[in-house]
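Down below is the structure, laid out as structure tokens.
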Amino acid sequence: DGGITQSPKYLFRKEGQNVTLSCEQNLNHDAMYWYRQDPGQGLRLIYYSQIVNDFQKGDIAEGYSVSREKKESFPLTVTSAQKNPTAFYLCASSTGLAGDYEQYFGPGTRLTVT
Amino acid sequence: LAKTTQPISMDSYEGQEVNITCSHNNIATNDYITWYQQFPSQGPRFIIQGYKTKVTNEVASLFIPADRKSSTLSLPRVSLSDTAVYYCLVAPPWRTGYSTLTFGKGTMLLVSP
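If you're matching them up, the sequences are chains A and B in order. Each residue of the first sequence is one higher than the last, beginning at 1 in our numbering. Each residue of the second sequence is one higher than the last, beginning at 1001 in our numbering.
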């Protein structure tokens, strides 16, 4: 089955530690995205990538970093510089084709930092 | 990026038609409108997308007036499983680049028996 996988589903870290969230897709999509969702809020874009080895900052990129070394993978690192890292993180992908706005989302990773 | 405004919540009963309206007064000429559904602790799921007039697929219809300053998602004959948060997203064409792609707070639809 094609789709997006995120691991782990739940992640706990101590304050001051960097943590990397995994996102893999086998849909052969060019575009990938990372969003953050806080309780009762909508999704906010952290980073997006249109193609391998290229990525752009979204609305709330401070304290986060990404890489796109392979088409299938778009890991997100939450650094110690992120002031409020506890949130639900969602990865998504899309074809990147003109006129196609459908994003496919993964199941999400819930990160708790104490 | 066009800001969107939706009702915070809506209530309905099984079998009824539900219409959720999204306002986007400053939509740009090349912006498209998409709608997503999200269940608790899951990623959103794409429902429908459109540019103008009416679009229909197997689960919903999307009505967009000529001025495109609003759009209405129509869900025919809802069931209990349609209880979810519905997001309206307005965005420019992919590859034109955007640094802000924010889903608003969405509309919480509660369907009762």
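Note that CB positions come from ideal geometry on N, CA and C, so glycine has one too. This structure is a prediction, so every number in the text was calculated from the model and none was measured.
Practice prompt. Select from the segment 1041-1052 of chain B all residues with a C-beta closer than 8 Å to any C-beta belonging to chain A, and list them in chain order.
Written response: Only those residues of the segment 1041-1052 of chain B whose C-beta falls short of 8 Å from the nearest C-beta of chain A are listed: Ser1041, Gln1042, Gly1043, Pro1044, Arg1045, Phe1046 and Gln1049.
Worksheet item: Whose Cβ in chain B lies nearer than 8 Å to the Cβ of Glu102(A)?
Response: Counted from its first residue, the first sequence places residue 102(A) at position 102. Within chain B, the C-beta atoms nearer than 8 Å to that of Glu102(A) come from Thr1034, Phe1046 and Gln1049, in chain order.
Worksheet item: For Phe1039(B) and chain A, any beta-carbon pair shorter than 8 Å?
Response: Mapped onto the second sequence, residue 1039(B) falls at position 39. Answer no: the Cβ-Cβ gap between Phe1039(B) and chain A never drops below 8 Å.
Worksheet entry | Beta-carbon gap between Thr1107(B) and Met1010(B) smaller than 8 Å | Taking the first residue of the second sequence as 1, we reach residue 1107(B) at position 107. Taking the first residue of the second sequence as 1, we reach residue 1010(B) at position 10. In contact: Thr1107(B) and Met1010(B) (Cβ atoms closer than 8 Å).
Practice prompt. Give the range of the beta strand (DSSP E) segment to which Glu153(A) is assigned.
Written response: Limits of chain A in this structure are 1 at one end and 114 at the other, which puts residue 153(A) out of reach.
Item to complete: Please check if any C-beta of chain A sits within less than 8 Å of the C-beta of Gly1015(B).
Response: Position 15 of the second sequence, counted from the start, is the residue given in the question as residue 1015(B). Using a Cβ-Cβ cut-off of 8 Å, Gly1015(B) does not count as an interface residue toward chain A, since no Cβ of chain A sits closer than that to its own.
Worksheet item: For Ser7(A), which residues from the same chain have a beta carbon less than 6 Å from its beta carbon, with the 5 sequence-adjacent residues on both sides left out?
Response: The residue labelled residue 7(A) in the question sits at position 7 within the first sequence. Answer for Ser7(A): Ser22, listed in chain order.
Item to complete: Taking only the alpha-carbon atoms, compute the straight-line gap between Ser1023(B) and Lys1069(B) and give it to the nearest angstrom.
Response: As a working mapping, residue 1023(B) is identified with position 23 in the second sequence. As a working mapping, residue 1069(B) is identified with position 69 in the second sequence. Whole-angstrom Cα-Cα distance: 6 Å.
Worksheet item: Do you know offhand how far Lys83(A)'s Cα is from Phe1103(B)'s?
Response: Walking along the first sequence from the start, residue 83(A) turns up at place 83. Walking along the second sequence from the start, residue 1103(B) turns up at place 103. Cα to Cα, the separation comes out at about 22 Å.
Fill in: Residue closest to Arg68(A), alpha-carbon to alpha-carbon, out of Leu90(A), Met32(A), Asp100(A) and Thr95(A)
Within the first sequence, numbered from 1, the residue matching residue 68(A) stands at position 68. That would be Met32(A), whose Cα lies nearest to the Cα of Arg68(A).
Worksheet item: Can we say the segment 100-113 of chain A touches the segment 52-62 of chain A, given the rule of at least three CB pairs closer than 8 Å?
Response: Judged by pairs of C-beta atoms under 8 Å, the segment 100-113 of chain A does not touch the segment 52-62 of chain A, as fewer than three such pairs exist.
Practice prompt. Would you kindly work out how many angstroms separate the C-alpha atoms of Asp30(A) and Pro1113(B), rounded to a whole number?
Written response: Here residue 30(A) refers to the residue found at position 30 of the first sequence. Here residue 1113(B) refers to the residue found at position 113 of the second sequence. For Asp30(A) and Pro1113(B), the distance between alpha carbons rounds to 42 Å.
Item to complete: Specify the secondary structure class of Leu1080(B) as computed by DSSP and reduced to three states.
Response: Here residue 1080(B) refers to the residue found at position 80 when the second sequence is read from its first residue. If DSSP states are grouped into helix, strand and coil, Leu1080(B) belongs with the helices.
Item to complete: Round the Cβ separation of Phe1063(B) and Lys1054(B) to the nearest angstrom and send it over; I've been treating them as touching at under 8 Å.
Response: Here residue 1063(B) refers to the residue found at position 63 of the second sequence. Here residue 1054(B) refers to the residue found at position 54 of the second sequence. Yes, they are in contact, since the Cβ atoms of Phe1063(B) and Lys1054(B) sit about 5 Å apart, within 8 Å.
Practice prompt. Could you check what DSSP says for Thr109(A) in three-state terms: helix, strand or coil?
Written response: Position 109 of the first sequence, counted from the start, is the residue given in the question as residue 109(A). Looking at Thr109(A) - three-state DSSP - the assignment turns out to be strand.
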